[in-house]
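> Below are the structure tokens for one structure; questions will follow.
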Amino acid sequence: MDHVLRAQQFDKKLIAQVFDAADEMEKVVARGGSEELRGRIMASLFYAVSTRTRLSFESAMHRLGGNVISTENPQSFSDFASSGHFEDTISMVNQYADLIVLRHPDSGLVYRAADVSSIPVVNAGGGDQHPTQALLDLYTIYRAIDGIDGVSVVLMGDLSHSGASRSLCYFLAKYSGIKLWLVSPNELPLGEDLLEYLGRHEVRFQEIHGPGPELDDALKRADVVYQTDLPQEYAPAENGPTRQAFRIDPDMLRLIRERAIIMHPFPRVDSIAPEVDSDPRAHYFQQISNGLSIRMALLQMLLSSQ
Ligand code: CP
18 MDHVLRAQQF
28 DKKLIAQVFD
38 AADEMEKVVA
48 RGGSEELRGR
58 IMASLFYAVS
68 TRTRLSFESA
78 MHRLGGNVIS
88 TENPQSFSDF
98 ASSGHFEDTI
108 SMVNQYADLI
118 VLRHPDSGLV
128 YRAADVSSIP
138 VVNAGGGDQH
148 PTQALLDLYT
158 IYRAIDGIDG
168 VSVVLMGDLS
178 HSGASRSLCY
188 FLAKYSGIKL
198 WLVSPNELPL
208 GEDLLEYLGR
218 HEVRFQEIHG
228 PGPELDDALK
238 RADVVYQTDL
248 PQEYAPAENG
258 PTRQAFRIDP
268 DMLRLIRERA
278 IIMHPFPRVD
288 SIAPEVDSDP
298 RAHYFQQISN
308 GLSIRMALLQ
318 MLLSSQ
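Okay, so the sequence shown: first residue is 18 according to the working numbering, each after it adds one.
Take a look at the structure:
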């Protein structure tokens, strides 16, 4: 593994190795951390805002004894990207750090960074994929459901713009017997490219564009309900479904099976009611802790091969 750029680069064997390493990292955290990456430096380059991913990577590096350098104020820093000096910036950071964690809203930039970088580049989301988020999501499913083959998942929300949902689809397509219900407003569906990919990889899927018997049936049958928020500016088309139709509240919770898990990559705005948080099916805070283990595992794997 030279870089972490997109979900398709992983095969099942590598995913299993990352999961095994993440299991070990959980023990490292319980012991108070390690010095394994002492003297190594991670550059945190975020051209778009982030709270969770950035803090998770920075915490992961610190817990392994490494150091972090980072940019402040991503909005003004992003002027660099439009001024055409992006590759220069990456070459410069190569002199300062041993690994780059990069978030950029333009999906192509992470590949341009990898092309000129002699140190590992990790895609921290912001574009059409968020591979480390999806890897921690897959790990959460793997631990909670005890395996991934045969898992059935409701993916609900803005499926057009959620890089985490897109990367998760690519990961799930590596396993057998996967069933997906793709639940979104009509105008925010999963992209045609990904639907074609799922079909080619024999993933059974059904698109659902609002409340009704199809959604109720999906919620009653799914092992996982993976929720993302609709955009703030979402306004239903005439007679179209409201935001409420895609919100997990106590009424929708009653439809979800007892042994299912509910996930969300966060930030959550209004797509899951706070009353759901105390339900044992809510796994979104577990995702955050699993994310630390996964990112520690990735940092250790990427830097130990340097
Ligand atoms: N889940 C996630 O990517 O959150 P941030 O945008 O805060 O990093």
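The beta-carbon is built from N, C-alpha and C at its ideal position, and this holds for glycine as well.
Please identify the residue among Ile-289, Arg-271 and Arg-238 whose C-alpha is closest to the C-alpha of Asp-246.
Numbered from 1 along the sequence shown, position 229 holds the residue referred to as residue 246. The option with the nearest alpha carbon to Asp-246 is Ile-289.
> What three-state label does DSSP hand Gln-304 in the structure shown?
Here residue 304 is taken as the residue at index 287 of the sequence shown, counted from 1. Three-state DSSP puts Gln-304 in a helix.
> Applying the criterion that 16 or more other CB atoms from any shown protein chain within 10 Å of the CB defines a buried residue, is Leu-31 buried or exposed?
For the purposes of this step, residue 31 is taken as the residue at position 14 of the sequence shown. With fewer than 16 other Cβ atoms within 10 Å, it is exposed.
> Give the straight-line distance between the Cα atoms of Glu-292 and Asp-268, rounded to the nearest whole angstrom.
Within the sequence shown, numbered from 1, the residue matching residue 292 stands at position 275. Within the sequence shown, numbered from 1, the residue matching residue 268 stands at position 251. Rounded to whole angstroms, Glu-292 to Asp-268 spans 11 Å at the Cα level.
> What ranges does the alpha helix (DSSP H) occupy inside the stretch 158-194, keeping only unbroken runs of at least 4 residues that lie completely in it?
180-189
> Going by C-alpha distance, which of Glu-255, Asp-287, Gln-25 and Ile-278 is nearest Phe-263?
In the sequence shown, residue 263 corresponds to position 246, counting from 1. Out of Glu-255, Asp-287, Gln-25 and Ile-278, Asp-287 has the C-alpha closest to the C-alpha of Phe-263.
> When burial is assigned at 16 or more other CB atoms within 10 Å of the CB, is Pro-230 buried or exposed?
In the sequence shown, the residue the question calls residue 230 occupies position 213. Burial call: exposed.
> Would you check if the distance between the CB atom of Ile-58 and the CB atom of Asp-123 is smaller than 7 Å?
Translated into the one-based positions of the sequence shown, residue 58 becomes position 41. Translated into the one-based positions of the sequence shown, residue 123 becomes position 106. Result no, Cβ atoms of Ile-58 and Asp-123 do not sit closer than 7 Å.
> Roughly how many whole angstroms lie between the Cα atoms of Val-171 and Asp-145?
Residue 171 sits at position 154 when you count from the first residue of the sequence shown. Residue 145 sits at position 128 when you count from the first residue of the sequence shown. Approximately 20 Å, taken between the alpha carbons.
> In or out: Ile-273 buried (at least 16 other Cβ within 10 Å) or exposed?
On the sequence shown, position 256 is the one that residue 273 refers to. Label assigned to Ile-273: buried.
> Can you check which of these residues, Lys-237, Tyr-156 and Ala-252, is closest to Tyr-301 by C-alpha distance?
Walking along the sequence shown from the start, residue 301 turns up at place 284. If we check each option's Cα against that of Tyr-301, Tyr-156 comes out closest.
> Look at Val-133 and Glu-104 and say whether their C-beta atoms are less than 7 Å apart.
Stepping through the sequence shown from its first residue, residue 133 is reached at position 116. Stepping through the sequence shown from its first residue, residue 104 is reached at position 87. Closer than 7 Å, so yes.
> Output the boundary residues of the beta strand (DSSP E) element that contains Ser-295.
Sequence index remark: in the sequence shown, residue 295 carries index 278 (1-based). In the DSSP annotation of this structure, Ser-295 is not part of any beta strand (DSSP E), being labelled neither H nor E.
> Taking Cβ to Cβ, would you say Ile-225 is nearer than 7 Å to Leu-232?
The count along the sequence shown starts at 1 and reaches residue 225 at position 208. The count along the sequence shown starts at 1 and reaches residue 232 at position 215. Contact: yes.
> Name the residue from His-102, Lys-191, Ser-87 and Arg-120 whose alpha carbon lies nearest to the alpha carbon of Tyr-113.
Locating residue 113 in the sequence shown gives position 96, counting from the first residue. Nearest option by C-alpha distance: Ser-87.
> I'd like to confirm the pairing. Which residues does DSSP put opposite Asn-140 in its beta bridges?
Looking up residue 140 in the sequence shown gives position 123. Beta-bridge pairing links Asn-140 to Leu-119.
> Would the beta-carbon of Gln-303 be found less than 6 Å away from any heavy atom of ligand 1?
Working through the sequence shown from its first residue, we reach residue 303 at position 286. Gln-303: no, Cβ never under 6 Å from ligand 1.
> Mind checking whether Pro-258 and Gly-227 have CB atoms under 7 Å apart?
As a first step, residue 258 is located in the sequence shown; it is residue number 241 there, counting from the start. As a first step, residue 227 is located in the sequence shown; it is residue number 210 there, counting from the start. For Pro-258 and Gly-227, yes; Cβs fall inside 7 Å.
> With a cut-off of 8 Å on the beta carbons, I'd call Met-42 and Ala-314 a contact; round off their distance for me.
Residue mapping note: residue 42 aligns to position 25 of the sequence shown, counting from 1. Residue mapping note: residue 314 aligns to position 297 of the sequence shown, counting from 1. Confirmed, about 5 Å.
> Tell me which same chain residues have a C-beta within less than 7 Å of the C-beta of Arg-129, skipping the five on either side of it?
Walking along the sequence shown from the start, residue 129 turns up at place 112. Cβ neighbours of Arg-129 beyond the five flanking positions: Phe-103 and Glu-104.
> Which of helix, strand or coil does DSSP assign to Glu-224?
Residue numbering aside, residue 224 sits at position 207 when the sequence shown is read from its first letter. Note: Glu-224 maps to strand in three-state DSSP.
> DSSP three-state label for Asn-203, please.
Position 186 of the sequence shown, counted from the start, is the residue given in the question as residue 203. Here Asn-203 sits in coil by DSSP.
> Using a Cβ-Cβ cut-off of 7 Å (strictly less than) and excluding sequence neighbours within five positions of Ala-38, which residues of its own chain qualify?
Here residue 38 is taken as the residue at index 21 of the sequence shown, counted from 1. The residues are Ala-314, Gln-317 and Met-318.
> Quick one, which of Val-46, His-20 and Thr-149 has its alpha-carbon nearest Ser-135's?
The residue labelled residue 135 in the question sits at position 118 within the sequence shown. Here the closest residue by C-alpha is His-20.
> Under a Cβ-count criterion, where at least 16 other Cβ atoms within 10 Å of its own Cβ denotes burial, should Met-173 be classed as buried or exposed?
Locating residue 173 in the sequence shown gives position 156, counting from the first residue. It counts as buried.
> Let me check understanding here. Comparing Cα to Cα, which of Ala-141, Gln-223 and Gln-323 lies closest to His-121?
For the purposes of this step, residue 121 is taken as residue 104 along the sequence shown, with counting starting at 1. His-121 has its Cα closest to that of Ala-141, out of Ala-141, Gln-223 and Gln-323.
> Whose C-beta lies closer than 6 Å to the C-beta of Val-45 among residues of the same chain, with five residues either side of it excluded?
Here the question's residue 45 lines up with position 28 in the sequence shown. Same-chain partners within the cutoff: Ser-51.
> In the DSSP output, which residue or residues are listed as bridge partners for Gln-323?
Residue numbering aside, residue 323 sits at position 306 when the sequence shown is read from its first letter. Gln-323 is not bridged to any residue.
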